[in-house]
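Protein chains: 2
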Amino acid sequence: MARAPTTTDAFNAIAEPRRREILDALADGERSVNDLVRILGLAQPQVSKHLRVLREVDLVTVREDGRQRLYRLNGHALKPVHDWVSKYEKTWSERFEQLDVVLDELKRQEEGADGHDK
Amino acid sequence: MARAPTTTDAFNAIAEPRRREILDALADGERSVNDLVRILGLAQPQVSKHLRVLREVDLVTVREDGRQRLYRLNGHALKPVHDWVSKYEKTWSERFEQLDVVLDELKRQEEGADGHDK
DNA sequence: TGCATATATTCCGATATGGGAATACGATGC
DNA sequence: GCATCGTATTCCCATATCGGAATATATGCA
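Chains as they are written, first to last, in the working numbering: chain V, 6 to 123; chain G, 6 to 123.
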């Protein structure tokens, strides 16, 4: 077996930085392919190819408008990524570190109040 | 050029589902390689190889203990992923949808109070 | 010293990638 | 109908991947 295709899921699709840039560019709203070409400074075929991948994993949708194709972000497809990575947020977030401190303190106080040792 | 190596960054490293499983297994605390082999049901060499990738992008750290190597999660290395994907949370989160509703309402009220039209 | 255990590395092969260049295709305007 | 614009597809190629199997390395124990 080889590496899973980029079109396997959102995790694989967003591993490519240009594709993340495309999604970032779409955050403000619909864009045509040529808009994206200008914004990213890439060759048009590469942009179309990246868009194809993003379409296949449902990260973007297309709408036809004359000879243009207007691409729109579908952020919902990022939810699995967000859900997975969020589990680890407490590892680095100061908010959670503070929470740990508070919980430890509460526990200590409770033990003291109960007269328990150790 | 080809696809960027899996060791390029956390985005590429976590595109592989087995590596996410490894990180999940390490969420509870340190594990030896053989622990992970049992937990994941993979062959030992594959686990070692995945761990190498995770090490190279700093998602795990190792500690030697006799002939064992104990791997530990370094969730902090996931922060870039979390930061990037979190920008899009508002796209699907009900919480944010509600916020939009409230903001719209406030705006309408304010306009009404000001005597503004349209 | 010798053997078993724990882990890492190497070699193999099928597969897909991403960029570049060329080209195909569909809609538009004259 | 024809040139043109906007976009998609195809071909080429150097590069990695991941799994499997075999093997290497190192530590510990008798």
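Every residue gets a Cβ at the ideal spot worked out from N, C-alpha and C, and that includes glycine.
Every value quoted in this text rests on a predicted model; they were computed, and no experiment measured them.
Proximity test, residue i beta-carbon vs the ligand NAD heavy atom, cut-off 8 angstroms
i     : result
R72/G : Absence of the ligand NAD is noted for the structure shown, with no ligands found whatsoever.
Cβ-based neighbour list, residue i, same chain, cut-off 7 angstroms, excluding 5 preceding and 5 following
i      : result
D14/V  : V62
R23/G  : L45, L47 and H55
M6/G   : none
D122/G : Residue confidence for D122/G is low, a pLDDT of 44 falling below 50, so the modelled location carries little weight; the figure read from the coordinates is stated next. Excluding residues within five positions, none has a Cβ falling inside 7 angstroms.
A32/V  : L78
Close Cβ partners of residue i (< 8 angstroms) along its chain, the five nearest in sequence each way excluded
i     : result
V42/G : A48, Q49 and V52
9 angstroms Cβ cutoff, residue i in contact with chain V
i     : result
E94/G : yes
A48/G : no
N79/G : yes
R8/G  : yes
Residue-level contact to chain G via CB, residue i, 9 angstroms cutoff
i     : result
H55/V : no
A30/V : no
R60/V : no
Contacts that residue i makes with chain V (C-beta to C-beta distance below 7 angstroms)
i     : result
N17/G : A20
L83/G : V90 and Y93
R25/G : W89
Within chain G, partners of residue i - CB distance below 7 angstroms
i     : result
G71/V : Ordered by position in chain G, no residue passes the 7 angstroms Cβ test against G71/V, which lies about 27 angstroms from the chain.
Element boundaries [beta strand (DSSP E), containing residue i]
i     : result
L28/G : Here L28/G belongs to no beta strand (DSSP E); instead the alpha helix (DSSP H) covers P22 to L31.
Beta bridge counterpart(s) of residue i as assigned by DSSP
i     : result
E69/G : R74/G
S37/V : L75/V
Contact set between residue i and chain V, taken where Cβ atoms lie within less than 8 angstroms
i     : result
V86/G : V86 and V90
Listed by chain order, chain G residues near residue i by CB distance under 9 angstroms
i     : result
G34/V : What G34/V touches in chain G: nothing, since even the nearest Cβ is about 12 angstroms away.
Host alpha helix (DSSP H) of residue i (start-end)
i     : result
L59/G : Q49 to E61
H87/V : K84 to S91
6 angstroms CB neighbourhood of residue i in its chain, flanking five on each side removed
i      : result
V107/G : none
E19/G  : At residue 19/G the sequence reads Ile, which differs from the Glu that was named. Answer for I19/G: R25, listed in chain order.
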